[in-house]
Amino acid sequence: MSKDILIADDNMEIIKILKPYIEKEGFNVIFALDGEEALLKFKHYNPALILLDIMMPLMDGIEVCNRIREESNTPIIMITAKSEDADKILGLNSGADDYIVKPFSPGEVVARIKAILRRITPIENNKLSLIKYSALEIDINNYAVKLEGVYLNLTKKEIEVLWMLASSPNNIIKRDDLLDNVWGIDYFGDPRTVDTHIKRIRAKLDLNGQYNWDIKTIWGMGYKFEVKDV
Numbered sequence: 054m055s056k057d058i059l060i061a062d063d064n065m066e067i068i069k070i071l072k073p074y075i076e077k078e079g080f081n082v083i084f085a086l087d088g089e090e091a092l093l094k095f096k097h098y099n100p101a102l103i104l105l106d107i108m109m110p111l112m113d114g115i116e117v118c119n120r121i122r123e124e125s126n127t128p129i130i131m132i133t134a135k136s137e138d139a140d141k142i143l144g145l146n147s148g149a150d151d152y153i154v155k156p157f158s159p160g161e162v163v164a165r166i167k168a169i170l171r172r173i174t175p176i177e178n179n180k181l182s183l184i185k186y187s188a189l190e191i192d193i194n195n196y197a198v199k200l201e202g203v204y205l206n207l208t209k210k211e212i213e214v215l216w217m218l219a220s221s222p223n224n225i226i227k228r229d230d231l232l233d234n235v236w237g238i239d240y241f242g243d244p245r246t247v248d249t250h251i252k253r254i255r256a257k258l259d260l261n262g263q264y265n266w267d268i269k270t271i272w273g274m275g276y277k278f279e280v281k282d283v
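The numbering used here puts the first residue of the sequence shown at 54, with every later residue one more than the last.
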């Protein structure tokens with residue numbers, strides 16, 4: 054895995070503050086001051102993770118994230134100055150793995166980076182990389198989901214949640230377990246983000262009982278990928 058961390062922010066002071074903290078953890082920091090430069094640096098360095106400011110000149114962070122997601126699943130943490138942008142980041146299906154709101158402590162940023170990078174390896178190395186059910190195919194190695202032979206536009210997080218549920222059929226998966234395995238044990242955000250992602254997955258799969266499998270909510274406990282006998 055690359056040891057480069059790309060920070061894309063038009064505020065050089067933020068880059069200067071974060072750089073020594075990230076480098077202390079053994080990473081090499083590269084930076085970009087606008088969206089177009091961020092894309093160029095991403096393609097040149099292929100970093101392990103990207104810290105991406107949502108408000109940048111020439112191209113905003115959401116657009117940069119979308120462009121990157123067209124060709125890569127590199128982890129992305131969005132940086133925003135407004136807490137209300139969190140809904141925008143998630144709602145636009147930008148593909149971001151996490152977000153952090155300014156002002157933040159450098160220690161918090163480093164914790165987020167380490168948490169995301171820790172959880173990538175187990176998922177990518179899991180032997181159960183391809184899961185198939187009636188009309189559904191989940192390829193976690195390539196982060197691809199097909200339904201009725203058609204690729205679905207699921208975000209990286211949505212695919213990881215679906216994969217975790219489908220890899221343990223008919224078992225209840227607690228919300229906390231989904232948070233720890235998909236978002237990382239050091240996740241600082243709203244735990245209800247799991248519920249939001251499940252809702253979006255269901256909508257994209259357009260489930261209405263037509264298959265012998267379904268995603269069920271087990272109230273007070275968690276979620277279950279239910280597979281019925283046929």
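We put the CB at the ideal spot given by N, CA and C, even for glycine.
{"Check": "Could you check which residue in Ala164, Ser220, Asp151 and Asn206 has the C-alpha nearest to that of Leu183?", "Outcome": "Ser220"}
{"Check": "Using 10 angstroms around the beta-carbon of Gly237, count the other beta-carbons present and answer buried if the total reaches 16, otherwise exposed.", "Outcome": "buried"}
{"Check": "Expressed to the nearest angstrom, what Euclidean distance is found between the alpha-carbon atoms of Asn224 and Ile191?", "Outcome": "18 angstroms"}
{"Check": "Tell me, please, whether the region 97-110 touches the region 59-66 by the rule of three or more beta-carbon pairs shorter than 8 angstroms.", "Outcome": "yes"}
{"Check": "Is the beta carbon of Phe5 sitting closer than 8 angstroms to the one on Leu218?", "Outcome": "Since the first residue of the chain shown is 54 and the last is 283, residue 5 is not available in this structure."}
{"Check": "Span of the beta strand (DSSP E) holding Lys185?", "Outcome": "Leu183 to Tyr186"}
{"Check": "Is it right to say Trp266 is buried, meaning 16 or more other beta carbons lie within 10 angstroms of its own, or is it exposed?", "Outcome": "buried"}
{"Check": "With three or more beta-carbon pairs closer than 8 angstroms as the criterion, would you say the region 122-134 touches the region 77-84?", "Outcome": "no"}
{"Check": "Ignore the nearest five residues each way along the sequence and tell me which others in Val235's own chain have a CB closer than 6 angstroms to its CB.", "Outcome": "Glu213 and Val214"}
{"Check": "Only counting the same chain, and skipping five residues up and downstream in sequence, which positions put a Cβ closer than 6 angstroms to that of Lys72?", "Outcome": "Val82"}
{"Check": "Could you pull the DSSP bridge partners for Val154 from this structure?", "Outcome": "Thr133"}
{"Check": "What is the DSSP secondary structure of Trp216, counted as helix, strand or coil?", "Outcome": "helix"}
{"Check": "By the three-class DSSP mapping on this structure, what secondary structure does Gly88 have?", "Outcome": "helix"}
{"Check": "From what residue to what residue does the beta strand (DSSP E) around Val198 run?", "Outcome": "Ala197 to Leu200"}
{"Check": "With 16 as the cutoff for other CB atoms within 10 Å, does Thr270 come out buried or exposed?", "Outcome": "exposed"}
{"Check": "Taking DSSP as the reference, what is the three-state secondary structure of Leu170?", "Outcome": "helix"}
{"Check": "Starting from Glu116, trace the alpha helix (DSSP H) in both directions and tell me its first and last residue.", "Outcome": "Gly114 to Arg122"}
{"Check": "Give me, in chain order, the residues of the same chain whose beta-carbon lies closer than 8 angstroms to that of Asn179; leave out the 5 immediate sequence neighbours on both sides.", "Outcome": "For Asn179, the predicted model reports a pLDDT of 48, less than 50, meaning its position is unreliable and no value from the coordinates is stated."}
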